[in-house]
Structure formats: structure tokens, C-alpha cells
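Novice: My numbering applies: residue 75 is where the sequence shown begins, and numbers increase by one.
Think of the CB as a built atom: it goes at the ideal place given N, C-alpha and C, for glycine as much as any other residue.
Pasting a structure below so you can have a look.
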Amino acid sequence: DLNNDNRVNLVDFSITAYWYKRPISAEFKIKEAEKLNGDGKVDLIDFSIMAFYWTG
Numbered sequence: 075d076l077n078n079d080n081r082v083n084l085v086d087f088s089i090t091a092y093w094y095k096r097p098i099s100a101e102f103k104i105k106e107a108e109k110l111n112g113d114g115k116v117d118l119i120d121f122s123i124m125a126f127y128w129t130g
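Here is the structure:
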């Protein structure tokens, strides 16, 4: 849940898609470390984690 609305949905997907294969900001790096796999980049592993927790 990247936007802290207690749901993993299209909004979170859109945020993640924006950062896909781009250098991520310091603010998003913290969220990526807490909510995704924490490797400092957005890749298919992060989308896989998001799909697992998807609530719609």
C-alpha cells in the first residue's frame, strides 16, 4: 500500500508503474524499502509482491 489508504489497488500500481526502471526519489526509496522488496529500484519483483497483496 504505497499511498497509505490500507488497500493495494490501481493507485498503488500507477505509482509503481511511474517509477518502473527509473532512478527512484529519496522519498519513494523509503516506501519501496518498507512496502516492496527494498532493493532500491522498481522492477518485476515489486509488481509480483504487489499482485500478491492486491485488494482491488
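#1: Would Leu76 be called buried (16 or more neighbouring beta carbons within 10 Å of its own) or exposed?
#2: For Tyr92, which of helix, strand or coil comes out of DSSP?
#3: Among all the DSSP beta bridges, which residues are the ones paired with Val116?
#4: Please go through the same chain and pick out, in chain order, the residues whose beta-carbon is closer than 7 Å to the beta-carbon of Lys109, but skip the five residues on each side of it.
#5: Confirm, please, whether the CB-CB distance from Val82 to Met124 is below 7 Å.
Specialist: In terms of the structure at hand:
#1: buried
#2: helix
#3: Tyr94
#4: Asp75 and Leu76
#5: yes
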